[in-house]
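Protein sequences appear in the order of chains X and Y. When the count follows our numbering, it moves up by one through the first sequence with no breaks and lands on 613 for the last residue. When the count follows our numbering, it moves up by one through the second sequence with no breaks and lands on 613 for the last residue. Beta carbons are placed, not taken as given, at the ideal position from N, Cα and C, and that holds for glycine. Nothing here was measured: the structure is a model prediction, and the numbers come from that model.
Number of protein chains: 2
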Amino acid sequence: MPRSPNSPRPKAGSVTLATVAQRAGVSPQTVSNALNSPELLRPETLERVRRTIDELGYRPHRAAQTLRTRSSKLIGYGIRPTAPGTSAPVMDRFLHALSQTADEAGYRILLFASPPGSAGLDGYEELLDLHSVDGFVLSGTERGDQRQAWLEKRGVPFVGFGRMWSGRQIGDWVDVDGASGTDAAVEHLVALGHRRIAFLGWPRGSGVGDDRAMGWQRAMQRHGLPVRGKRAQSIDDIASAQAAVGPLLDAGVTAVIAASDMLALGCYHALRERRAVPGKDVAVVGFDDSPTAALLSPGLSTVAQPLEAVGRECVRLLLARMSELGAPPERVLLEPSLVVRNSTSASDD
Amino acid sequence: MPRSPNSPRPKAGSVTLATVAQRAGVSPQTVSNALNSPELLRPETLERVRRTIDELGYRPHRAAQTLRTRSSKLIGYGIRPTAPGTSAPVMDRFLHALSQTADEAGYRILLFASPPGSAGLDGYEELLDLHSVDGFVLSGTERGDQRQAWLEKRGVPFVGFGRMWSGRQIGDWVDVDGASGTDAAVEHLVALGHRRIAFLGWPRGSGVGDDRAMGWQRAMQRHGLPVRGKRAQSIDDIASAQAAVGPLLDAGVTAVIAASDMLALGCYHALRERRAVPGKDVAVVGFDDSPTAALLSPGLSTVAQPLEAVGRECVRLLLARMSELGAPPERVLLEPSLVVRNSTSASDD
DNA sequence: CAACGGTTTTGGAACGCTCCAATGAACTCG
DNA sequence: CGAGTTCATTGGAGCGTTCCAAAACCGTTG
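The following block contains the structure:
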């Protein structure tokens, strides 16, 4: 990078390998080698070519490289219209990490918005052929997701954010250990002296939700605490969560662990309705650490997913897969962390 | 698309123009024409070629097209690490709309995460040369932003989400009329009978913030209401907003319009601190319609930006600019809309 | 000094597409 | 019925890069 920022650069875009070659008095191939296999060149030639490249501000033309090497250095990422269990802001952080890490490895993220209605497969096909992305990152994987199988059949490298919840495990994935998160929440509450700890979850059948429920259950059992009649379910919506958790509160639980911040918020409402104060009368724990969680009063204790790490891992696994298609699949389960706020440690805010 | 989903497709990726040409008994050029200038072909030839394309599942190779036509059909989008005044979830919706609209026009969005620290310009250069994006969408434009001038100098088509707040206006942009939003908020409050309406803004100097303040001010003046001593400022943080708005509340204002939902939330806290209820004792209006706004109790009335429309407009302007570089710049100012919730119409939730 | 391994450099072709100019076919008209 | 005109199709070149195999160079060695 030793070029003064304002040195007049021969109009970018028109500098090709040939230009550099001519100027440096070598063949185009040698210039190519200088970039791709520098060890082939005699040190002094390399130095000279490099200087020329720098002087002219040469940049290889990606399309030409892609055409020749059949590798686009592009990673496709399908943004979905906010799947359940994955709040938008959450995905935003993930996307950032993804892009950043990919960048560092010389890859770029090509966005791909699946139209709201479609199952989405047809679109992937097009994306694949058209732009010949080198690999895919899937997110918002759900039970019965067909994308993994589809991609595998075509031999396209991919990594899922989210494990496969049913059927045969296909390909690599990175996921967050939801059970471990709710387990930790139980531990936290038990340490505070709670014993009647309820779980407010989504209707059974969603992989993510069942996993989170399981963590609660196993931790409760480990402590010899009852789970019977301590579980309610609701769709991810405040009003219905509020209604669903009511009976549990009335039955006298002292703490509620919710499968999402949204559900936890329903719980806040149910408590207020009963003139009870979250964190003081009843402890509440959410899941996701959505921006809202910090803004509530009292602040909502919640389980935070390590999204940056997930993004990094996705890229890492994808790169590995691309470099060695036949390797055994790798699956990474990351630990979430409990963020403690006032909803589980009563003070006055 | 009249192909049964499971018909054996000759392994994709290896089908080229030449393959199709041979199969259809025409020259490669004719196949190319069938796709790009169908009006040149005799209807029956066109039909035959099209059928063959379909049978073979042919897709043009983007890199080859790019190499030849010098147009990548790629739009660069620099995601920034959440600039002030633009909350992450908000940008998420925008990104969706952007991608969707671009898609429909045959373009794709290439993500580009500027590393947190950097001013970011160097990165753009690389992105531009390397992947030869056809155009750029800038977001999170700020006072003194250098990107517009930089891009203009290089003759790269671009559109900003966010007007230029200082200096010479450069290029096209799309923005939301913040002043109009706060103006509407005043109207709404006046209609409810409020007269002592305060504004809680950011420190002066940010274009976005000053614009929002201005809308409040002009509407107040139009109604002959005093603005003196009715304004406070704070950085975008709950605690400091809470502190900043205190004196206004103590001075007896009946309504507060905040420059962001975050500030509005600080206002909620300040009210609670005084044992007052938002929406009942004092009306509060936020800005952004962040997901949190709907989740609060009482629900926060707030000014919502038409992000989907902004995304669409960005693509539209960018396409126009790309097709005619010399055209006079177009600037679009979109109207936000006031979302009324219980913070301005006291009921019990 | 011719022959030889090894290193360094090169020429030519190819990737898949579209541009351009030219050819062939069909049709009009003097 | 040949020349002119239009319409439909084609051949060849070239976009910028990398692959491949062959060539040039070099210092050793028999």
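Practice item. Report the option in 408/X, 299/X, 569/X whose CA atom is closest to the CA atom of residue 523/X. Key: Residue 569/X is the option with its Cα nearest to residue 523/X.
Exercise for review: Taking only beta-carbon positions, decide if residue 360/X is within less than 7 Å of chain Y.
Suggested key: Taking 7 Å as the CB threshold, residue 360/X lines the interface with chain Y.
Practice item. Count the CB pairs spanning the segment 459-479 of chain X and the segment 499-513 of chain X that are closer than 8 Å, and state whether there are at least three. Key: Between the segment 459-479 of chain X and the segment 499-513 of chain X there are three or more C-beta pairs closer than 8 Å, enough to call the two in contact.
Practice item. Whole angstroms is fine: what's the gap from residue 496/X's alpha carbon to residue 471/X's? Key: One C-alpha to the other measures close to 17 Å.
Practice item. Compare the C-beta of residue 372/X against all C-beta atoms of chain Y and say whether one is closer than 7 Å. Key: In terms of beta-carbon proximity, residue 372/X lines the interface with chain Y, with at least one pair separated by less than 7 Å.
Check your understanding: Alpha carbon to alpha carbon, what distance is there between residue 564/X and residue 520/X?
Key -> Residue 520/X and residue 564/X have their C-alpha atoms some 12 Å from each other.
Check your understanding: Is residue 559/X closer than 7 Å to residue 583/Y when the C-beta atoms are compared?
Key -> Taking 7 Å as the Cβ cut-off, residue 583/Y and residue 559/X do not qualify as a contacting pair.
Check your understanding: Under a CB-based cut-off of 7 Å, is residue 279/Y close to chain X?
Key -> Interface with chain X (7 Å Cβ-Cβ cutoff): residue 279/Y is excluded.
Check your understanding: DSSP state of residue 506/X, grouped into three classes?
Key -> The three-state secondary structure of residue 506/X, taken from DSSP, is helix.
Review point. Among 572/X, 534/X, 432/X, 594/X, which one has its Cα closest to the Cα of residue 355/X?
Key: That would be 572/X, whose Cα lies nearest to the Cα of residue 355/X.
Check your understanding: Would you report the Cα separation of residue 603/Y and residue 554/Y, rounded to the nearest angstrom?
Key -> Taking the Cα positions, residue 603/Y is about 11 Å away from residue 554/Y.
Point to revise | Chain-ordered residues of the segment 559-592 of chain X with a beta carbon less than 7 Å from chain Y | key: If the cut-off is 7 Å between Cβ atoms, the segment 559-592 of chain X has 559, 561 near chain Y.
Point to revise | Nearest residue (CA-CA) to residue 580/Y, options 596/Y, 486/Y, 590/Y | key: Minimum Cα-Cα distance from residue 580/Y among the listed residues 596/Y, 486/Y, 590/Y corresponds to 596/Y.
Review point. Quick one: Cα of residue 550/X to Cα of residue 527/X, how far?
Key: Cα to Cα, the separation comes out at about 7 Å.
Practice item. In the DSSP assignment, find the unbroken alpha helix (DSSP H) run with residue 442/X in it and report its ends. Key: Where residue 442/X is concerned, the enclosing alpha helix (DSSP H) stretches over 442-455.
Practice item. For chain X, find out if any of its Cβ atoms is closer than 7 Å to the Cβ of residue 267/Y; answer yes or no. Key: The predicted model places residue 267/Y with a pLDDT of 38, which falls under 50 and marks its position as unreliable; any figure quoted below should be read in that light. Taking Cβ atoms only, chain X never reaches closer than 7 Å to residue 267/Y, which makes this a no.
Practice item. For the segment 545-580 of chain X, list the alpha helix (DSSP H) runs that are entirely contained and at least 4 residues long, ordered along the chain. Key: Scanning the segment 545-580 of chain X from its first residue to its last, the whole alpha helix (DSSP H) runs of 4-plus residues come out as 555-559.
Practice item. Pull up the distance between the alpha-carbon of residue 381/X and that of residue 546/Y, whole angstroms please. Key: Residue confidence for residue 381/X is low, a pLDDT of 47 falling below 50, so the modelled location carries little weight; the figure read from the coordinates is stated next. Each residue's alpha carbon lies about 42 Å from the other.
Check your understanding: Would you say residue 439/Y faces chain X, with C-beta separation under 7 Å as the test?
Key -> Interface flag for residue 439/Y against chain X is unset, since no Cβ pair is found closer than 7 Å.
Review point. According to DSSP, is residue 469/Y helix, strand or coil?
Key: In the three-state DSSP reduction, residue 469/Y falls in the coil class, being neither helix nor strand.
Practice item. Check the Cβ-Cβ distances between residue 377/X and every residue of chain Y, and say whether any is below 7 Å. Key: Chain Y contact via Cβ: present.
Review point. For chain Y, is any of its Cβ atoms less than 7 Å away from the one on residue 364/X?
Key: It does: the Cβ of residue 364/X has a partner Cβ on chain Y nearer than 7 Å.
**Study point:** Minimum C-alpha distance to residue 425/Y - residue among 609/Y, 403/Y, 297/Y, 593/Y
**Key:** It is 403/Y whose Cα lies nearest to the Cα of residue 425/Y.
Check your understanding: Where does the unbroken alpha helix (DSSP H) through residue 527/Y begin, and where does it stop?
Key -> Boundaries of the alpha helix (DSSP H) harbouring residue 527/Y: 525-537, taken from the DSSP string.
Exercise for review: Would you mind reading off the limits of the alpha helix (DSSP H) that contains residue 227/Y?
Suggested key: The displayed coordinates of chain Y run from 265 to 613. Any statement about residue 227/Y would go beyond what the structure contains.
Check your understanding: Of all the CB atoms in chain X, is at least one closer than 7 Å to the CB of residue 534/Y?
Key -> For residue 534/Y, the nearest beta carbon of chain X is not closer than 7 Å to its own beta carbon.
Point to revise | Spatial distance of residue 600/Y from residue 449/X (CA atoms) | key: Their Cα atoms are separated by approximately 41 Å.
Review point. What is the DSSP secondary structure of residue 289/X, reduced to helix, strand or coil?
Key: Looking at residue 289/X - three-state DSSP - the assignment turns out to be coil, as it is neither helix nor strand.
Practice item. Report the rounded CA-to-CA distance for residue 215/Y versus residue 574/Y, giving the unit in angstroms. Key: In the structure as shown, chain Y starts at 265 and stops at 613, and residue 215/Y therefore has no counterpart that could be examined.
**Study point:** Meets three-Cβ-pair contact criterion under 8 Å: the segment 335-343 of chain Y and the segment 365-379 of chain Y
**Key:** Segments in contact, yes.
Review point. Buried or exposed: residue 417/X, going by 16 or more other Cβ atoms within 10 Å of its Cβ?
Key: Burial call: exposed.
Exercise for review: List the residues of chain Y that residue 396/X touches, going by C-beta distances under 8 Å, in chain order.
Suggested key: Correct list: 277, 325, 326, 327.
Check your understanding: Of all the CB atoms in chain Y, is at least one closer than 7 Å to the CB of residue 356/X?
Key -> Contact of residue 356/X with chain Y is assigned, a C-beta pair being separated by under 7 Å.
Review point. Quick one: which chain Y residues come within Cβ less than 7 Å of residue 330/X?
Key: Within chain Y, the residues near residue 330/X are 327.
Check your understanding: So is residue 320/Y in contact with chain X if we call contact Cβ pairs under 7 Å?
Key -> Output row for residue 320/Y: interface = no.
Review point. Whose Cβ in chain X lies nearer than 8 Å to the Cβ of residue 529/Y?
Key: Within chain X, the residues near residue 529/Y are 559.
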